[in-house]
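Chains as they are written, first to last, in the numbering used here: chain A, 67 to 224; chain B, 892 to 1286.
Dropping the structure here:
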């Protein structure tokens, strides 16, 4: 069965992907998680950041994962996910698993770009076809902008 | 023949003038009436005006957008509200006399006969242009003392260029007009990407330009982006380059009243070795992932300023465009020195080198989107090769 809309895919990914685990976050740490984040490079469908605790605020690079979610058109999705590497430490393209065949046949392109590839099913099960290496963001300026967004929103919430 | 490089100026026309004066990046400017008010045009130094071309921008005669409202000869103002049914009989002569007098008094390099924008392939195109502007302007030019070089402005659409019969009719019309020295040609492409990726459109534009040149006409190619490099194959008299995107691609919507303000684009840097403007946000990936990636960034005084850590990148910074003018004009000047087959070989080598650079980026795991990648280059190569084949330059 395929996803009926991109929003359904986003909702299922938020519900089922073990993002805290992937970010290696302790149970008491704050996960900053937002959809459609503006003001960076491109608009990630989902952005998850290990928000720094008071002691960690000086940490140089925030562990973060940006997701682009697509029902199809993996080439476009790969280009969009690549943009997010300018500010995030990991970036993934999440596809409807029933339509991921063509992307899976091109995993070498994902590996070369160091972009993760996930196929997700309507029941929430998923397969990770490419797991990217942790890599510092390409742009210190955009990473600083991300840190600012996280700081402002977590401060406002506290 | 050698060609001149002109700056298609918008409201940042001072940057164009500074770039020409400080860096020798051009031979003159095309002043757009929508962007520069009448008084300010008259106040430009004579040495600038004498090399300039004034574009009256009558494309939409009923819409005096921006500074067009400061020109009393703009059709809507000259006729107290433009109406195409009455205009030719009642007001066309008044508007033409005022516009020609303005161009002659300011001593511009040519006198431009403006055009009305017409979408698609209208059957009454030539008749309309003749009655609204061409005949009245030629009469007004004839009534002026001295010899004045008249340029007929022409906006050709995608559809017009791709129809052999239509372009043949246009060529017959233009080459039959007495007193017209050449054409200020603007080709409107319908594509939504920032570069033209339509090989057929480019090939036909090359052919159309060459046909005009073979009839001994001056051809000014207006509103060009990087494709100026490719279009130089058609032996134009003048190629253009501009600051913002609205001076590098003609879009009629920018002259419409209801044109909505668009969000400012991301700052992009012209990279001559790639024949592409590449978004600032990709630069880090290019520097880090591509071995020797730093060498892809052209070195000049503006690059030195922009790559200082303190530089605040923004699309409205002049350094981006002055850098572009330095690098693109350098490429164009080299091309201009060559002719025919030698010019083609040189242009082909530039395009091939750019394709290789994009291939290297791809192999290094850099994934650029379609407004920043090299996907336009295959279309350029196809158009260039087809045109070269026609000219017998391929062997």
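C-beta atoms are modelled at their ideal positions from N, C-alpha and C, and glycine is treated no differently. Everything numeric in this text was worked out from a predicted model, so none of it was measured.
If you follow the alpha helix (DSSP H) that residue i is in, where does it begin and where does it stop?
i, result
"residue 906 of chain B", "904-914"
"residue 1178 of chain B", "1174-1180"
"residue 1031 of chain B", "1026-1033"
"residue 1186 of chain B", "First-last for residue 1186 of chain B: undefined, no H or E at that position."
"residue 195 of chain A", "Unbroken run through residue 195 of chain A is the beta strand (DSSP E), 192-196; no alpha helix (DSSP H)."
"residue 959 of chain B", "It is not in any alpha helix (DSSP H) - residue 959 of chain B carries neither H nor E in the DSSP assignment."
"residue 1249 of chain B", "1231-1254"
"residue 1279 of chain B", "1268-1282"
"residue 77 of chain A", "72-82"
"residue 148 of chain A", "140-150"
"residue 1019 of chain B", "1016-1020"
"residue 1140 of chain B", "Taken as a continuous stretch (DSSP letters only), residue 1140 of chain B belongs to no alpha helix (DSSP H), as it is neither H nor E."
"residue 68 of chain A", "It is not in any alpha helix (DSSP H) - residue 68 of chain A carries neither H nor E in the DSSP assignment."
"residue 1196 of chain B", "1192-1197"
"residue 969 of chain B", "966-969"
"residue 168 of chain A", "167-170"
"residue 937 of chain B", "937-941"
"residue 199 of chain A", "Run containing residue 199 of chain A: none; DSSP gives neither H nor E here."
"residue 1147 of chain B", "Premise fails: residue 1147 of chain B is in no alpha helix (DSSP H) and is neither H nor E."
"residue 934 of chain B", "929-934"
So the beta strand (DSSP E) residue i belongs to, where does it begin and stop?
i, result
"residue 986 of chain B", "Premise fails: residue 986 of chain B lies in the alpha helix (DSSP H), 983-996, not in any beta strand (DSSP E)."
"residue 945 of chain B", "944-946"
"residue 1002 of chain B", "1002-1004"
"residue 1218 of chain B", "Looking at the DSSP string, residue 1218 of chain B is not in any beta strand (DSSP E); the run it does join, the alpha helix (DSSP H), is 1209-1227."
"residue 181 of chain A", "Neither: residue 181 of chain A is in no beta strand (DSSP E) and is coded neither H nor E."
Below 8 Å on the Cβ atoms is my guess for residue i versus residue j; work out the distance and round it to an integer in Å.
i, j, result
"residue 959 of chain B", "residue 948 of chain B", "6 Å"
"residue 33 of chain A", "residue 216 of chain A", "Residue numbering for chain A in the displayed model covers 67 to 224; residue 33 of chain A lies beyond these limits and cannot be assessed."
"residue 152 of chain A", "residue 1176 of chain B", "7 Å"
"residue 1112 of chain B", "residue 1122 of chain B", "6 Å"
"residue 1073 of chain B", "residue 1110 of chain B", "6 Å"
"residue 911 of chain B", "residue 1131 of chain B", "Their Cβ separation, rounded to whole angstroms, is 13 Å, which puts residue 911 of chain B and residue 1131 of chain B out of contact at 8 Å."
"residue 1217 of chain B", "residue 1226 of chain B", "About 15 Å separates the two Cβ atoms, so there is no contact after all."
"residue 1260 of chain B", "residue 145 of chain A", "4 Å"
"residue 92 of chain A", "residue 156 of chain A", "That belief does not hold up - the Cβ atoms of residue 92 of chain A and residue 156 of chain A are roughly 18 Å apart, past 8 Å."
"residue 1197 of chain B", "residue 1186 of chain B", "At roughly 16 Å, the Cβ-Cβ gap does not stay under 8 Å, so residue 1197 of chain B and residue 1186 of chain B are not in contact."
"residue 1000 of chain B", "residue 943 of chain B", "6 Å"
"residue 1046 of chain B", "residue 1141 of chain B", "7 Å"
"residue 962 of chain B", "residue 929 of chain B", "5 Å"
Drop a sphere of 10 angstroms on the beta-carbon of residue i, count the other beta-carbons inside from all chains shown, and report buried for 16 or more, exposed for fewer.
i, result
"residue 1137 of chain B", "buried"
"residue 966 of chain B", "buried"
"residue 1043 of chain B", "buried"
"residue 892 of chain B", "exposed"
"residue 1167 of chain B", "buried"
"residue 1265 of chain B", "buried"
"residue 1244 of chain B", "exposed"
"residue 1100 of chain B", "buried"
"residue 986 of chain B", "buried"
"residue 76 of chain A", "buried"
"residue 190 of chain A", "exposed"
"residue 952 of chain B", "buried"
"residue 134 of chain A", "buried"
"residue 916 of chain B", "buried"
"residue 1085 of chain B", "buried"
"residue 1182 of chain B", "exposed"
"residue 853 of chain B", "There is no way to answer for residue 853 of chain B, as the model of chain B reaches only from 892 to 1286."
"residue 1144 of chain B", "exposed"
"residue 1162 of chain B", "buried"
"residue 1267 of chain B", "buried"
"residue 176 of chain A", "buried"
"residue 1125 of chain B", "buried"
Is residue i a contact residue of the ligand MN, with contact defined as CB to any heavy atom under 6 Å?
i, result
"residue 1017 of chain B", "Summarising the ligand content, the structure contains no ligands, and the ligand MN is consequently not present."
Can you pull the DSSP bridge partners for residue i?
i, result
"residue 157 of chain A", "A:132"
"residue 98 of chain A", "A:115"
"residue 883 of chain B", "There is simply no residue 883 of chain B to check, as chain B begins at 892 and stops at 1286 in what is shown."
"residue 1044 of chain B", "B:1075"
"residue 898 of chain B", "B:920, B:1132"
"residue 89 of chain A", "Answer is none; residue 89 of chain A lacks a bridge partner."
"residue 108 of chain A", "A:106"
"residue 162 of chain A", "A:186"
I want to see whether chain E comes within less than 7 Å of residue i, judged by CB atoms only; does it?
i, result
"residue 168 of chain A", "In the displayed structure, chain E is absent; the protein chains listed are A and B."
> Where in the segment 1048-1123 of chain B do unbroken runs of the beta strand (DSSP E), each at least 3 residues long, occur, reported from the N-terminal end onward?
Replying inline: 1073-1079, 1109-1112
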